[in-house]
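Heads up: the structure comes next, in structure tokens.
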Amino acid sequence: MEILTIARALWRKPTGALLVALQIAISLAIVINAALFVHTRVDKVQRDNGMDTKNIIAIYTLSSDKTYPSPTTIDQDIETIRQVPGVISAAYISGIPESGSGSGIGIKNATEDNAKEVPLNTYQADHRIVEALGLTLIEGRSFQAQEVAYAGLEAMPRFGKKVLITRNVAQQLFPGESAVGKLVYSHLNEAAEVIGVIEHMHGAWPNWEFFGQVALFPSISRLGTRLLVRTEPGRRDALQTELEALLSQDQSRRLISRVTSLQAIRDDTYNDDIALAKLLLVVIALLTAISALGIVALASFTVKQRTRQIGTRRAIGARKRDILLYFFQENSLISLFA
5 MEILTIARAL WRKPTGALLV ALQIAISLAI VINAALFVHT RVDKVQRDNG
55 MDTKNIIAIY TLSSDKTYPS PTTIDQDIET IRQVPGVISA AYISGIPESG
105 SGSGIGIKNA TEDNAKEVPL NTYQADHRIV EALGLTLIEG RSFQAQEVAY
155 AGLEAMPRFG KKVLITRNVA QQLFPGESAV GKLVYSHLNE AAEVIGVIEH
205 MHGAWPNWEF FGQVALFPSI SRLGTRLLVR TEPGRRDALQ TELEALLSQD
255 QSRRLISRVT SLQAIRDDTY NDDIALAKLL LVVIALLTAI SALGIVALAS
305 FTVKQRTRQI GTRRAIGARK RDILLYFFQE NSLISLFA
């Protein structure tokens, strides 16, 4: 009965209650949508990329001699790096995953025009790449040293005779079958044998629909030279400085243009998403505070307007807690309506 009495009282003078209800409704709609947006952004930033990101160093090099990079000179640099205590592995790669810069193609499971085609990111890498990135091979094997081709000064090849693909690519091209030993084809019908399947790996462009579809080809090209170094946990920052100093001692064949962590590259790529999520959290907090102030203001205004009513209720025996309960129920009813 008390609720019906409150509802009838609000119906007789609805203006203030309606304004607060409208404010709460609009604020709640904005807060819910903003919270959902923040949730999707946080999920996007925190999704597993299949790599040992926190323990990987990325070294960017520039060629200053026609002999660099080549399989021999790359091996020399990597051997130098591997001798440093705390280094687990190192490898060549043409581009850095999750950096926003990379290459993409489509591969097919047959040469026919109507064959199933899967778009993906591609990387050129050497035979150490699986260990250097901390990838998990669920089927097949990694590259062997003799399978790594050298493109020299030619345009970077995007297709080779062997290939590693991620599991989602394998499932699309060969559903219900093992992809290892199968041939995949470029749009020019160049063939590559699938020798291994990677459980999961991210490509270059986080906003791309096919971000998690990746292929690795065994090749070294002068047009893209990055070295990835995987370290023991907790050693990354110290080794980053040490390796930069070590490799900078001899720059007769190549220049060290940048040494950073894969985590820093990833954070930079997702910086806009993180900033937007933080901004929306501030908006949510402000809207919640404004709505709360509106409810408090309405309650205060109502109390001042109803001094006589409160006095009458007190005179007929209403306790202070009864008066407070009445206004609490009134505010709850308005909020519930909103």
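In terms of the numbering used here, the sequence shown has 325 at position 321, counting the first letter as 1, and numbering is strictly consecutive.
By construction, the Cβ of each residue, glycine as well, lies at the ideal position given by its N, Cα and C atoms.
Values in this document were obtained by computation on a predicted structure and should not be read as measured data.
Buried versus exposed, by CB contacts within 10 Å (16 or more), residue i
i      : result
Asn113 : buried
Asn193 : exposed
Phe305 : exposed
Asp117 : exposed
Leu283 : exposed
Ala129 : buried
Ala159 : Only weak support exists for where Ala159 lies, its pLDDT of 49 falling under 50; the value from the coordinates is given anyway. Answer is exposed; the Cβ neighbour count stays below 16.
Asn125 : buried
Ile78  : buried
Asp224 : Note that residue 224 is Ile in the sequence shown, not Asp. Looking at its Cβ environment, which holds 16 or more other Cβ atoms inside 10 Å, Ile224 is buried.
Ala296 : exposed
Gly164 : buried
Thr115 : exposed
Ser182 : exposed
Beta-ladder partner(s) of residue i, from DSSP
i      : result
Gln267 : Gln267 is not bridged to any residue.
Gly108 : Asn125
Ser146 : Answer is none; Ser146 lacks a bridge partner.
Leu231 : Ile63 and Tyr96
Ile169 : Val201 and Ala219
Ile294 : In DSSP, Ile294 forms no bridge with anything.
Leu243 : Note: Leu243 sits in no beta bridge, so no partner.
Val287 : None; Val287 has no bridge partner.
Ile82  : None; Ile82 has no bridge partner.
When the options are compared against residue i, the one with the closest alpha-carbon
i      : options                           : result
Val218 : Asp79, Lys58, Ser252 and Leu139   : Leu139
Leu232 : Ala39, Leu168 and Asp81           : Asp81
Arg257 : Ser67, Glu203 and Thr235          : Ser67
Ala174 : Ala149, Gly144, Tyr154 and Lys58  : Gly144
Gly110 : Gly216, Ser190, Gly180 and Val35  : Ser190
Gly216 : Leu177, Pro101, Asp79 and Ser261  : Pro101
Ser146 : Tyr154, Ala153, Ile169 and Arg270 : Ile169
Ile60  : Leu247, Ile224 and Ile34          : Leu247
Ala94  : Pro75, Leu137, Ala208 and Ala39   : Leu137
Ala281 : Ile28, Ala38 and Leu26            : Ala38
Ser105 : Ile269, Ala149 and Leu285         : Ile269
Gln150 : Arg51, Pro75 and Thr115           : Pro75
Gln267 : Val184, Gly185, Asp52 and Leu290  : Asp52
Gln50  : Ile278, Val286 and Ile199         : Ile278
Pro222 : Gln176, Lys166 and Gly180         : Lys166
Cα-Cα separation, residue i to residue j
i      : j      : result
Ile30  : Arg45  : 23 Å
Val24  : Val300 : 10 Å
Leu22  : Phe214 : 48 Å
Lys48  : Ala195 : 34 Å
Leu259 : Ser252 : 7 Å
Ile133 : Met55  : 11 Å
Arg240 : Lys58  : 8 Å
Leu187 : Glu197 : 5 Å
Thr229 : Gly99  : 7 Å
Pro210 : Asp276 : 12 Å
Glu121 : Pro89  : 44 Å
Val35  : Leu220 : 43 Å
Leu32  : Ile288 : 9 Å
Trp212 : Leu40  : 20 Å
Ala249 : Pro237 : 21 Å
Leu152 : Gly185 : A small fix is needed here, since residue 152 is Val in this sequence, not Leu. About 18 Å.
Phe291 : Ile199 : This sequence places Leu at residue 291; Phe is not what is there. Spanning the two alpha carbons is a distance of roughly 55 Å.
Leu285 : His206 : 28 Å
Sequence-distant residues of its chain with Cβ nearer than 7 Å to residue i (five each side left out)
i      : result
Ala119 : Lys112 and Asn113
Val91  : Ile85, Val233, Thr235 and Leu243
His43  : none
Phe178 : Asn113 and Lys186
Gln27  : Ser295 and Gly298
Ser103 : Ala208, Ile269 and Thr273
Same chain only: Cβ atoms within 6 Å of residue i, ignoring 5 sequence neighbours per side
i      : result
Arg171 : Val201 and Glu203
Arg262 : Tyr64
C-beta neighbour in chain B for residue i, strict 9 Å
i     : result
Ile63 : The chain inventory of the structure shown lacks chain B, comprising one protein chain alone.
8 Å CB neighbourhood of residue i in its chain, flanking five on each side removed
i      : result
Ile142 : Arg171, Val201, Ile202 and Glu203
Ser107 : Ser98, Gly99, Asn125, Thr126, Tyr127, Met160, Arg162 and Ala208
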